[in-house]
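Here is the structure we will look at, set down as structure tokens.
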Amino acid sequence: MHRLITALILTCLCTTPTLAANYTLTIDGKAYDLDLDREAVLRLSEKQELRVTLSQKAIINFTTEHISFDHPGNLAPARTDLGDGVFQTMLASPRGTLVMIQEFTTLDPSPFIDLMLSELTKEELQSGYKVTNSLTTQKLASGEILSGKLSVSTSAEDEYTRQVLSYAGKESGVLVVTQIEAASTAEDKAMIETFWKTLKVSFE
């Protein structure tokens with residue numbers, strides 16, 4: 022399990038999801054190519070044509086069997102089956118602001134909080150960052166309380182804030198990681214705020 026945790030951390034630090042540029046709209050069995058936010062003229066017949074524009078909502082929802090949250094429409098969560106009953110969903114901005122959720126269907130993930138935090142801050146400690154960890158909780162709108170660690174890594178140039186928290190059901194649960202730099206944009210800060218305001222978890 023330690024090897025699995027390390028592998029997924031490397032994945033989350035190195036991967037940024039992208040959106041496909043092209044879309045297809047099918048009307049009465051005929052396909053039309055569309056691009057986001059660009060008007061297209063669809064000729065349905067010699068006498069009929071439509072002007073259409075495909076737009077992405079500013080905020081959209083992502084839902085699985087156990088979790089649900091809202092996120093910016095220009096970012097796409099990446100979901101991966103890691104095996105052994107573990108599913109990972111990752112959302113990352115171009116600046117490196119990160120939300121990572123691991124759903125555990127066969128065990129309580131709470132014991133992995135310290136291991137995850139250690140892996141996330143290991144290189145910073147080796148580079149001379151000051152890392153301060155403290156206990157923290159996060160209450161969801163639906164009433165569930167996630168508990169774990171708040172970590173702040175600081176150097177002369179940078180400051181990163183991370184949360185690693187868990188919520189457990191019966192032999193199942195979720196591990197949540199957020200990461201943001203102090204100098205992040207307002208959009209990145211809003212991404213984290215929206216995530217916490219809308220996150221729902223469902224484990225019996």
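If you use my numbering, the sequence shown corresponds to residues 22 to 225, in order. Even glycine gets a Cβ: it sits at the ideal position worked out from N, Cα and C.
Take Tyr53, set aside five residues on each side of it, and the residues of its chain with a beta-carbon closer than 6 Å to its own are Leu46, Leu63, in chain order.
Approximately 7 Å separates the beta-carbon atoms of Ile88 and Lys221; this is inside 8 Å, confirming the contact. Cβ neighbours of Leu71 within its own chain (closer than 8 Å, five residues either side excluded): Val62, Leu63, Leu65. Each of Ile48, Gly50, Tyr44 was checked against the Cα of Arg59, and the nearest Cα belongs to Tyr44. Listed in chain order, the non-local C-beta contacts of Asn154 below 6 Å within the same chain comprise Lys170, Ser172, local neighbours out to five positions each way being set aside. For the pair of segments examined, the region 140-156 was found not to touch the region 111-127: the number of CB pairs separated by less than 8 Å stays below three. If you draw a straight line from the Cα of Val73 to the Cα of Leu103, it comes to about 40 Å. Pro130 is positioned such that its CB atom lies no closer than 8 Å to that of Ser223.
With a beta-carbon spacing of about 5 Å, Gly94 and Ala79 fall inside the 8 Å limit used to define contacts. Counting other Cβ atoms within 10 Å of its Cβ, Gly194 reaches 16 or more and is therefore classed as buried. For Thr182, the secondary structure class from DSSP, reduced to helix, strand or coil, is strand. Exclusion of the five residues before and after Glu202 leaves Tyr181 as the residues of its chain whose Cβ lies within less than 6 Å of its Cβ. Between Thr158 and Leu167, the C-beta spacing is below 8 Å. When the alpha-carbon of Val197 is set against those of Lys51, Leu128, Leu57, Met137, the nearest one is in Met137. Of all alpha-carbon atoms in Val185, His92, Thr84, Asn82, the one lying nearest the alpha-carbon of Glu140 is that of Val185.
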